[in-house]
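Just so we're aligned: the sequence shown equals residues 1182 to 1346 in our numbering.
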Amino acid sequence: MQVAQGMVVSLEVEIWDVHGNRLESSEGSMSYLHGGFDGIFAPVEAVLEGKQPGERFTVDLEPEEAFGDYDENLLTMVDRDVCPEELEVGMQLEGIPGEDDEENQNIYTVTDIAEGSVVLDGNHPYAGIAVRFIGTVVAVRAATEDEIEQGFPDDPSGGLLRVQH
């Protein structure tokens, strides 16, 4: 079966930076719904069209095609008092502590803790980085009507390759 509109595609992937450093690799396969459902980066989806299980692919992505450009407006500083008691640099928090903005559920990474303040970065960790996306098509199957309607596969690993803004 080939990758085409309305198929659930399972991939094993690695993401590298332009200096040849592996940023991450999937542990097992990751699935997405093919055909413009925003489950994977558009240039990767285009390269996968027509591929079959076992085929490998490589796609070089500029920051704006992958995890986005780095946005300094997504840096914020909050009082240490509003953060969880156990806190360390590198931890990730959903939303900005102390704010009841249900619309802002970005993931923020703690980048600094000093003098009663905490610096939070709402950018994706790979924002501003050109990446090489290398993978193998593991499986391809027709999506169910429910999957098409919801826009993502029922597989719990689905959607892991999306841009998070």
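Ideal placement from N, C-alpha and C gives every residue a C-beta, glycine not left out.
- Unbroken beta strand (DSSP E) runs of no fewer than 3 residues, entirely contained in the segment 1264-1312, are found at 1273-1275, 1288-1295, 1298-1302, following chain order.
- Across the structure, E1226 and A1185 are spaced so that their CA atoms are roughly 10 Å apart.
- If you draw a straight line from the Cα of D1302 to the Cα of E1230, it comes to about 35 Å.
- Counted as a single uninterrupted DSSP element, the beta strand (DSSP E) harbouring I1196 occupies residues 1188-1198.
- If you draw a straight line from the Cα of E1328 to the Cα of I1221, it is about 15 Å long.
- For E1205, the uninterrupted beta strand (DSSP E) run begins and ends at 1203-1206, by DSSP.
- Under the three-state reduction of DSSP output, D1250 falls in the coil class, being neither helix nor strand.
- Under the three-state reduction of DSSP, D1262 is assigned to helix.
- When beta bridges are read from the DSSP output, V1321 appears opposite V1190.
- Burial of M1188 is indicated by the presence of at least 16 other C-beta atoms within 10 angstroms of its C-beta.
- In the DSSP assignment, V1184 falls outside any beta strand (DSSP E) and carries neither an H nor an E.
- Rounded to the nearest whole angstrom, the CA to CA distance from E1269 to A1323 is 44 Å.
- In the DSSP assignment, D1327 falls within the alpha helix (DSSP H) that extends over 1326-1331.
- With three or more CB-CB distances shorter than 8 Å, the segment 1229-1243 counts as touching the segment 1294-1312.
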